[in-house]
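Oh and the sequence shown: position 12 is 200 in this note's numbering, straight run, nothing missing. Beta carbons: idealized from backbone N, C-alpha and C, even for Gly. Here is the structure we will look at.
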Amino acid sequence: MKSLSSDFALYCKSLEVACEQSNEHQCLKRFIDETLPHVIARIGKNGGSSLEVLGIGSGSGEIDIEILGKIQLQHPGLSIHNEVVEPNPKQISKYKALVEEKCSGLNISFRWNQMSSEEYERQNKEKNESKKFDFIHMIEVTATKDKFASNSNGGH
């Protein structure tokens with residue numbers, strides 16, 4: 189059986205079918221508009237000059253960019269460092285193009301990690317990195333959230 193992360197056409201078709209059969213995008217939009225502002229109001233209380241954001245399964249970045257926009261609106265004086273974890277190189281290319289189009293002039297930096305969430309976790313363990321994030325989100329991922337809970341400041 190082919191892996192979705194290694195077969196972009198199969199991945200896109202699977203995602204398309206999943207979206208057709210669910211109301212995930214409507215739920216995400218409602219969450220971003222109604223709930224997310226209250227959640228991100230609680231981050232950034234440590235007095236730092238930047239916020240650390242981790243996006244696992246970022247896909248082509250549309251949802252990530254919306255989330256980052258809401259964070260920047262809530263915390264306009266802080267820079268945002270966004271760490272992207274996405275195994276599919278075509279999706280990362282689309283995300284980078286979206287950043288070029290929508291994020292120029294914004295105080296957001298990006299670190300691109302073309303790998304699965306499991307590879308990302310293993311790499312950080314091997315490097316003995318214990319980086320903490322102010323906000324972690326998982327949009328197109330099948331892993332469980334408790335796997336990443338220890339990387340979040342305050343569990344947001």
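Residue i, buried or exposed, once every other Cβ within 10 Å from all chains shown has been counted against 16
i: Ile268; result: buried
i: Asp252; result: buried
i: Ser246; result: buried
i: Ile243; result: Note on residue identity: the sequence assigns Gly, not Ile, to residue 243. Burial call: buried.
i: Ala197; result: exposed
i: Gly293; result: exposed
i: Val241; result: buried
i: Gln260; result: buried
i: Asp322; result: buried
i: Asn301; result: buried
i: Val273; result: buried
i: Val287; result: buried
i: Cys215; result: exposed
i: Ser210; result: exposed
Member of the options whose CA lies at the smallest distance from the CA of residue i
i: Gly235; options: Tyr199, Gly265, Gly245 and Asp221; result: Gly265
i: Thr223; options: Cys291, Lys258, Leu198 and Ser292; result: Lys258
i: Asp195; options: Gln279, Leu294 and Asp221; result: Gln279
i: Ile356; options: Glu204, Lys217, Ile231 and Cys215; result: Since the first residue shown for the chain is 189 and the last is 344, residue 356 is missing from the structure and cannot be characterised.
i: Ile327; options: Glu208, Gln209, Lys201 and Phe219; result: Phe219
i: Gln262; options: Ile228, Ser281 and Leu286; result: Ile228
i: Arg299; options: Arg310, Glu271 and Ser238; result: Glu271
Segment limits, beta strand (DSSP E) that includes residue i
i: Ile324; result: Phe323 to Met326
i: Glu271; result: Ser267 to Val273
Residue interval of the alpha helix (DSSP H) (run including residue i)
i: Asn312; result: Ser305 to Glu314
i: Ser281; result: Pro277 to Lys290
i: Lys320; result: That residue, Lys320, is in no alpha helix (DSSP H); it is neither H nor E in DSSP.
i: Gly293; result: Per DSSP, Gly293 belongs to no alpha helix (DSSP H) and is neither H nor E.
i: Asp195; result: Asp195 -> no alpha helix (DSSP H), and no H or E assigned at all.
i: Gly257; result: Glu250 to Gln262
Supposed contact pair residue j and residue i - C-beta distance, whole angstroms, cut 8 angstroms
i: Ser248; j: Tyr283; result: 5 angstroms
i: Pro277; j: Met303; result: Not really, about 11 angstroms apart at Cβ, beyond 8 angstroms.
Residue-level contact to chain C via CB, residue i, 8 angstroms cutoff
i: Ser267; result: Of the protein chains in the structure, only one exists, and it is not chain C.
Contiguous alpha helix (DSSP H) assignments of at least 4 residues, all confined to the region 208-245: Here the runs fully enclosed are 212-218 and 224-228.
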